[in-house]
Structure formats: C-alpha cells, structure tokens
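Residue numbers (my numbering): 907 to 1203.
Beta carbons: idealized from backbone N, C-alpha and C, even for Gly.
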C-alpha cells in the first residue's frame, strides 16, 4: 500500500470514528478504539460528550481535510494524523486542527488518543492551562485537557468503590482528563495484580492520587492526601508504598506518563545511559527541580 492509500485509510478511520461519536453509535465506537487506551477509557467512563469536545464537533463543518500525518515507519503500527476543517480561503483552518493518534490492530486502524491541536503543537496539561488562561483555542476542548472543564460520568462502565472516590476527588481538584484516566488505569493495574482487600476505598484512592501527583511533579504531601480523603496519613503511606512496590513505579514511568513535553524542564539525569534507556529514578524525583512542584488544588 503506497503513502497516498495509507493517508486515505488513516483519514477514513478518523472520519468514521468522528461520525460514530456524533451519532452516538456505541458499537462502532467500541470497535474502533484501542482497548484501555485514553479514548477507550474516556468513552467507557464519561461517555460521548468529552470525545465530541476533543474533536471540536468536527462533523458540524461541511468541508474537512486530513492535512498532515506522522507515521512510525519502524513499527508501521503507529500514526498521528491531523484533521481540520476548510476555511473560506480554501485552506485548513488553524483553529480547527485536531490530531488523532491511530494504532494498527488487525484487521485495521483504531483510535488511541485525540488531541485538540495540530500535529506539532504541544498539548500537555500545562500547555492547555496556559492556552485556557490566554483564551486561545476551543474553550471546551482545551479546558478538558487542562482540567478547568469537567464532565459528568455518563459512560456505560460501572466504577468500583475506589475508582468512584478517585474520579470524584480528582475532578473536584481540577485534574486534567488524561491525569484522571491515568489514575484509573494505575489502580486497575494494581488491583489486577494484588487483589487488595480494603474496608474504606478512600485509603487507596488517596494513595493513587498521591502517586499521580508525584508522577506529574505536583505539589502535595501524604498529609494533604489523607486530609482530602478523610483517612489517616499512615493508611495513605502504607497503601502508597504497596502500590509503588507492586507495580515498580518510577519517575517518568512510560506506563503512566503525565509530562508531555515537560521532562526537559527538570534537567538532565546524571549517569551512564548504556543501551539508550534512561536510568530508573525514584518516584517523586524532580519535584524540587521542576518549579518547586507544579501547582494543583
């Protein structure tokens, strides 16, 4: 298949997914997402609304185009495609750009992530917060990434008691959508391995949020987490260590990456690189170096 054919197929995947969301076709959306990806969890927990926000309601526009794509040629299974609507001058509208991250899963391409920005535009949580403050971009889309806009849980999936506490607490404190989804995924990874028994779900919810704060280089403490969830500091500390050690979580952990375009602010990590992988550093490393900790409620 040549590049033009690939581009057409990627475009068709993005367009068909957008159409499935707009028409609230549950079966099609489920079939077109990468399992347990950011898009998949967004739909299963929060429903269609945040996906519509992230896509900026693209199908409301009569003329759309796929303007650029970046393909991982090494694997051939990972691509990011930029979709935009056409402005009055017949050009892709800059304020209409949305980037779909697609992954190949037999028999076709599926959607893993949606970013309400162009292919080369940074759109981490900090970027979105700066854009929201500057009143740049689509307010709902940017606000959802930033955490300044929250949506109700309207997805088809029931949450367990810990997830229920965790999502409610992180939404109250205005964490970004990707941060909340990372917390849920982290808890599910731990739950699947350790099968914890607990009397109060708040104890584990507090520990997971604390870990997300560490991963995101946010300000925060065990004492603050215990206060916010109404459990003892010793309980949060014990659960935190249990989760960290069971999953072997380290700072800049690629499984739970929360610092899109942010690692360079922390500074280089000294040491031998060897095979090209960064040396593992303890969870929480870098908070002091990173603007004395990122601000969060």
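**Message:** Using a 10 Å radius around the Cβ and a threshold of 16 neighbouring Cβ atoms, would you call residue 1140 buried or exposed?
**Reply:** Residue 1140 comes out exposed.
**Request:** Report the residue ranges of all beta strand (DSSP E) runs contained in full by the region 1012–1041; include only those spanning at least 3 residues, in chain order.
**Result:** 1014–1021
**Message:** Need the endpoints of the beta strand (DSSP E) that residue 987 sits in, please.
**Reply:** In the DSSP assignment, residue 987 falls within the unbroken beta strand (DSSP E) covering 984–991.
**Item:** C-alpha distance - residue 1035 paired with residue 945, whole-angstrom precision
**Value:** 20 Å
**Message:** Taking 7 Å as the threshold (C-beta atoms), are residue 1118 and residue 1089 in contact?
**Reply:** The answer is yes: Cβ separation under 7 Å.
**Message:** Is there a C-beta anywhere in chain D that falls below 7 Å from the one on residue 1190?
**Reply:** In the structure shown, chain D does not exist; there is a single protein chain.
**Asked** Do three or more CB pairs link the region 986–999 to the region 1076–1088 at distances below 8 Å?
**Response** no
**Message:** For residue 1145, count the other beta carbons within 10 Å of its own beta carbon; 16 or more makes it buried, fewer makes it exposed. Which is it?
**Reply:** Buried: at least 16 other Cβ atoms inside 10 Å.
**Request:** Indicate whether the contact test is met: 3 or more Cβ pairs, each with one atom in the region 917–936 and one in the region 1030–1049, closer than 8 Å.
**Result:** Result no; under three Cβ-Cβ pairs closer than 8 Å.
**Prompt:** Secondary structure at residue 960, three-state DSSP: helix, strand or coil?
**Reply:** helix
**Message:** Taking a contact to mean a Cβ-Cβ separation below 7 Å, would you say residue 1157 touches residue 1189 in this structure?
**Reply:** yes
**Prompt:** Based on the DSSP output, what are the partners of residue 974 in its beta bridges?
**Reply:** 988
**Item:** Spatial neighbours of residue 1015 in its chain, beta-carbon cut-off 8 Å, leaving aside the 5 residues before and after
**Value:** Once the five neighbours on either side are set aside, the close Cβ partners of residue 1015 are 915, 916, 919, 985, 1008 and 1009.
**Item:** When 913, 1073 and 1109 are compared against residue 982, the one with the closest alpha-carbon
**Value:** With respect to the C-alpha of residue 982, the residue from 913, 1073 and 1109 having the closest C-alpha is 913.
**Prompt:** Taking the Cβ atom as the reference point for each residue, do residue 1018 and residue 1132 lie within a distance shorter than 7 Å?
**Reply:** no
**Prompt:** In terms of residues, what are the limits of the alpha helix (DSSP H) holding residue 1050?
**Reply:** 1045–1052
**Asked** Cβ of residue 1003 within 7 Å of Cβ of residue 1030?
**Response** no
**Item:** residue 1174 to residue 1143 span [Cα, whole Å]
**Value:** Below a pLDDT of 50, predicted positions are generally treated as unreliable, and residue 1174, at 32, falls in that range; no measurement from the model is reported.
**Request:** Have a look at residue 1153 and residue 1020 and give me their C-alpha separation to the nearest angstrom.
**Result:** 27 Å
**Item:** For residue 1054 and residue 1066, the rounded distance between their alpha carbons
**Value:** 25 Å
**Prompt:** Out of curiosity, what's the CA-to-CA distance linking residue 1102 and residue 1041?
**Reply:** 44 Å
**Prompt:** Is residue 855 helix, strand or coil by DSSP?
**Reply:** Since the displayed the chain opens at 907 and closes at 1203, residue 855 lies outside it and no answer follows.
**Asked** Can you give the Cα-Cα distance for residue 1187 and residue 969, rounded to whole angstroms?
**Response** Just so you know, the alpha carbons of residue 1187 and residue 969 end up roughly 48 Å apart.
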